[in-house]
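> Starting off with a structure, shown below.
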């Protein structure tokens with residue numbers, strides 16, 4: 001039988017990049033292309049003890065159906081935490097638990113976008129979110145990244161010229177893949193522009209807690225007197241991605257629609273996961289765990305950046321997060337470089353994977369420093385250095 | 001700010017029925033409106049021991065990212081099990097793990113349907129699936145249910161007259177809400193009609209293992225020489241709904257597209273849940289557990305059916321599953337009856353919640369017998385009996 005697929009899914013065709021990414025999961029490959037937490041990042045003892053106690057004291061709660069909005073005590077706890085630590089949340093805001101922050105992006109798009117509507121994103125941006133937008137048949141417009149965040153003049157030009165903009169997607173902290181942090185001035189400007197042009201902002205903040213130097217800047221959501229910011233967060237990078245627990249803080253009218261959308265997607269997020277996260281927040285020293293993670297990843301970042309300092313790769317040292325964005329010299333072509341690296345057992349992601357509009361080009365690769373072991377970091381960096389030394 | 005929502009989500013507006021359902025979650029209500037497993041249905045000791053061992057021996061595997069298709073050993077195990085027990089699966093078939101069977105319905109619709117396409121469903125049918133279809137802006141056509149399954153002549157008439165039919169959705173075993181099992185003859189006829197008219201079948205089988213008398217009939221998927229059946233199953237009703245683990249067996253070309261769609265929805269299903277299910281299948285006596293569940297639910301069914309026998313409610317005793325579909329006598333109006341029952345602390349679902357097309361009408365209620373305790377079953381049935389005795 002010949003199958004006919006929806007327009008939405010047909011637009012998510014496999015690409016040359018996907019082929020390279022496939023090769024990166026081969027055994028023996030040094031994983032600079034991934035984005036996984038380090039194995040030693042997981043609070044294993046805590047999860048063991050929490051799971052033991054939950055299944056002893058409240059087993060049926062762990063296994064029974066939950067409500068779509070999420071486990072009520074966890075929702076309240078995350079709301080309190082966002083208010084106390086980040087100054088987020090107005091009386092009009094509400095919070096929903098999602099199956100990872102990916103689902104927050106999915107549900108926001110589902111409730112807001114018809115096919116042909118426009119979503120604006122930083123370019124480059126997180127490929128997972130871009131593909132979610134594409135899966136709803138929206139038209140993507142890209143705003144080039146600069147060293148202090150997106151080009152806000154270009155943003156304004158797009159807002160002026162496009163009539164069907166439904167929201168602006170941004171990762172202000174330690175952006176994936178660019179590693180860039182948006183300046184405070186630009187955060188305020190982006191908020192003002194969104195307000196002025198009547199568009200919403202989807203602020204995705206998976207890496208905010210992984211800050212290695214400097215002061216954390218206020219989230220765009222903290223300016224949100226007007227109810228125009230949808231804030232997505234996640235426990236994937238600080239506790240566990242495998243548990244699939246994220247959340248979204250947004251005006252209650254939006255959360256109500258996201259709840260209807262989530263009911264139709266997966267009914268609710270794994271309740272056992274939600275209970276584990278809730279107990280972890282209640283009984284464990286999260287600030288100490290975050291300090292530990294920051295030291296762990298900062299050391300990995302420094303090992304990678306130090307090793308690459310003498311190569312022709314150009315990069316800005318990211319102040320947080322998990323990724324290093326490396327511009328290649330003109331004479332080295334990105335896809336050829338990525339293929340050659342994979343052939344030498346180092347997986348990197350070609351930068352074009354993260355571009356927003358079809359006409360854009362880039363000559364860069366994304367490297368991840370959280371997944372490789374220290375030995376893999378040293379070895380992988382040495383291999384890349386050798387490639388350049390051999391006048392690759 | 002005034003928010004504008006997508007057409008898809010705007011069509012999922014709250015209804016009178018949703019109000020009644022809200023009332024049913026009040027404390028002290030006898031839950032004949034739910035669909036939860038009984039608390040005593042969960043293999044708690046097994047999950048305790050499995051979780052303890054997994055977090056001891058393979059903690060990082062429980063917490064790290066997984067692949068979108070699902071945990072490979074679990075996929076292989078479920079495939080083997082479906083082949084061995086139900087004769088399902090051809091060489092062209094593949095299997096994906098989903099976040100509950102609800103996500104299987106979501107992904108099938110996502111990859112197959114554009115807005116305005118037609119999906120055919122039994123009427124009445126499972127409200128969760130119907131809302132998923134609606135969330136993609138498809139046009140629903142309903143095929144009336146009969147005592148031995150859908151009216152296949154009506155199905156053929158619809159297939160003849162509609163050009164944009166993307167698939168037929170059916171729950172052949174102990175259908176929710178009608179409690180009906182499709183006859184073998186109709187299963188073959190439905191398959192033949194789908195083949196003849198070039199449409200796919202989405203066969204949803206969450207209750208197949210919960211059979212209380214008679215012989216299990218072959219799944220429609222077992223006839224699938226042509227690669228036209230998408231088969232969705234779930235561990236929600238036999239192990240735990242809170243873990244959110246379902247699966248879909250379908251031609252690999254469809255599974256590949258569902259994988260792309262799932263990547264954009266929630267990346268992957270909770271990996272800890274998948275590992276728990278895998279260990280449960282590997283090391284525990286599932287047939288014995290199913291025997292236990294059948295005895296448990298059969299007794300609850302009999303308690304409900306016995307108690308309602310002397311009322312004017314008309315129902316067919318379901319040979320399996322969790323639901324009883326009760327037609328009301330003409331002089332009793334469904335919504336008024338449901339409201340009066342809620343007022344007396346018995347929650348029931350008005351049958352109209354499950355209708356497929358706007359013009360359809362019905363005078364029935366759905367009752368669930370798995371969620372209430374035995375005492376609640378006796379008490380709730382007595383309250384309904386009293387309502388009739390009082391010439392309600």
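Protein chains in written order, with our numbering: chain B, 1 to 392; chain R, 1 to 392.
No residue lacks a Cβ here, since even glycine has one placed at the ideal position from N, Cα and C.
Here the structure is a predicted model, which is why all the values come from computation and not from measurement.
Please tell me whether residue 368 of chain R has its Cβ less than 8 Å away from any Cβ of chain B.
No, because no Cβ of chain B sits closer than 8 Å to the Cβ of residue 368 of chain R.
> To the nearest angstrom, report how far apart residue 294 of chain B and residue 211 of chain B are at their CA atoms.
Each residue's Cα considered, the two are about 6 Å apart.
> List in chain order: all unbroken beta strand (DSSP E) runs of 3+ residues lying wholly within the segment 37-114 of chain B.
Correct list: 93-98.
> What residues in its chain sit with their C-beta under 8 Å from that of residue 7 of chain R, if we drop five residues either side in the sequence?
115, 137.
> Write down the C-beta distance between residue 128 of chain R and residue 244 of chain R rounded to the nearest angstrom, noting that I regard them as a contact closer than 8 Å.
Actually they are not in contact, since the Cβ atoms of residue 128 of chain R and residue 244 of chain R sit about 13 Å apart, beyond 8 Å.
> Name, please, each residue of chain B whose Cβ falls closer than 9 Å to the Cβ of residue 162 of chain R.
Under the 9 Å cutoff, chain B gives no residues; its nearest Cβ is about 15 Å from residue 162 of chain R.
> Spell out a yes or no on whether the segment 174-188 of chain R and the segment 137-155 of chain R are touching, meaning 3 or more CB-CB pairs, one atom from each, closer than 8 Å.
Judged by Cβ distances under 8 Å, the segment 174-188 of chain R makes contact with the segment 137-155 of chain R, as three or more pairs qualify.
> Residues bridged to residue 204 of chain R by DSSP?
Per DSSP, R/232.
> In or out: residue 110 of chain B buried (at least 16 other Cβ within 10 Å) or exposed?
Classification for residue 110 of chain B: buried.
> Please identify, using Cβ separations under 7 Å, the residues of the segment 231-252 of chain R that lie next to chain B, in order along the chain.
Per Cβ criterion, the list reads 240, 241, 242, 243, 244.
> Use the C-beta contact count for residue 268 of chain B: other C-beta atoms within 10 angstroms, 16 or more gives buried, fewer gives exposed.
Residue 268 of chain B comes out buried.
> Measure from the alpha carbon of residue 26 of chain B to the alpha carbon of each residue in B/342, B/353, B/369, then state which is nearest.
Among B/342, B/353, B/369, the Cα nearest to that of residue 26 of chain B is on B/342.
> Starting from the C-beta of residue 372 of chain B, find all residues in its chain whose C-beta is less than 7 Å away, skip the five residues before and the five after it, and write them out in chain order.
Excluding residues within five positions, the ones whose Cβ falls inside 7 Å are 30, 31, 32, 380.
> Check whether the segment 234-248 of chain R and the segment 257-273 of chain R touch, using three or more Cβ-Cβ pairs below 8 Å as the test.
Enough Cβ pairs lie closer than 8 Å, so yes.
> Looking at the C-beta of residue 58 of chain R, does it have a partner C-beta in chain B at a distance below 8 Å?
Judged by the 8 Å Cβ criterion, residue 58 of chain R is not in contact with chain B.
> List the DSSP bridge partners of residue 326 of chain B.
Paired residue(s): B/365.
> Residue 258 of chain B by DSSP, collapsed to three states: which one?
Reduced to three states, the DSSP call for residue 258 of chain B is helix.
> Using the beta-carbon count (16 or more within 10 Å), is residue 322 of chain B buried or exposed?
Buried, by the Cβ-count rule.
> Give me whichever residues DSSP pairs with residue 122 of chain R in a beta bridge.
R/143.
> Once you ignore the five residues that flank residue 164 of chain B on each side, which residues in its own chain have a CB closer than 6 Å to its CB?
Closer than 6 Å at the Cβ level, and outside the excluded window around residue 164 of chain B, lie 117, 118.
> Return the CA-CA distance between residue 285 of chain R and residue 275 of chain R, expressed in angstroms with no decimal places.
Each residue's alpha carbon lies about 17 Å from the other.
> Over what stretch of residues does the alpha helix (DSSP H) that includes residue 133 of chain B continue unbroken?
Looking at the DSSP string, the run of the alpha helix (DSSP H) that includes residue 133 of chain B is 127-134.
> Between residue 303 of chain R and residue 377 of chain R, what straight-line distance do the alpha-carbon atoms span, to the nearest angstrom?
Rounded to the nearest angstrom, the two C-alpha atoms are 7 Å apart.
> Is residue 90 of chain R near residue 224 of chain R, with beta carbons less than 8 Å apart?
Going by C-beta atoms, residue 90 of chain R is nearer than 8 Å to residue 224 of chain R.
> How about residue 9 of chain R: is its C-beta nearer than 8 Å to some C-beta of chain B?
Yes - at least one Cβ of chain B is within 8 Å of the one on residue 9 of chain R.
> Return no unless some Cβ of chain R is closer than 8 Å to the Cβ of residue 281 of chain B.
Chain R contact via Cβ: absent.
> If you drop the 5 nearest sequence neighbours on each side, which residues of the same chain put their C-beta closer than 6 Å to that of residue 206 of chain R?
If we look at residue 206 of chain R and ignore the five residues flanking it on each side, its Cβ neighbours are 101, 234, 237.
> Per DSSP, what kind of secondary structure is residue 241 of chain B in: helix, strand or coil?
Coil.
> What would DSSP say about residue 350 of chain R, mapped onto helix, strand or coil?
In this structure, residue 350 of chain R counts as strand in the three-state DSSP scheme.
> Identify the contact partners of residue 271 of chain R in chain B, using a Cβ-Cβ distance below 7 Å as the criterion.
Ordered by position in chain B, the residues that pass the 7 Å Cβ test against residue 271 of chain R are 242.
> For a contact meaning CB atoms closer than 7 Å, what does residue 27 of chain B contact in chain R?
The contacting residues do not exist; residue 27 of chain B stays about 14 Å from chain R at best.
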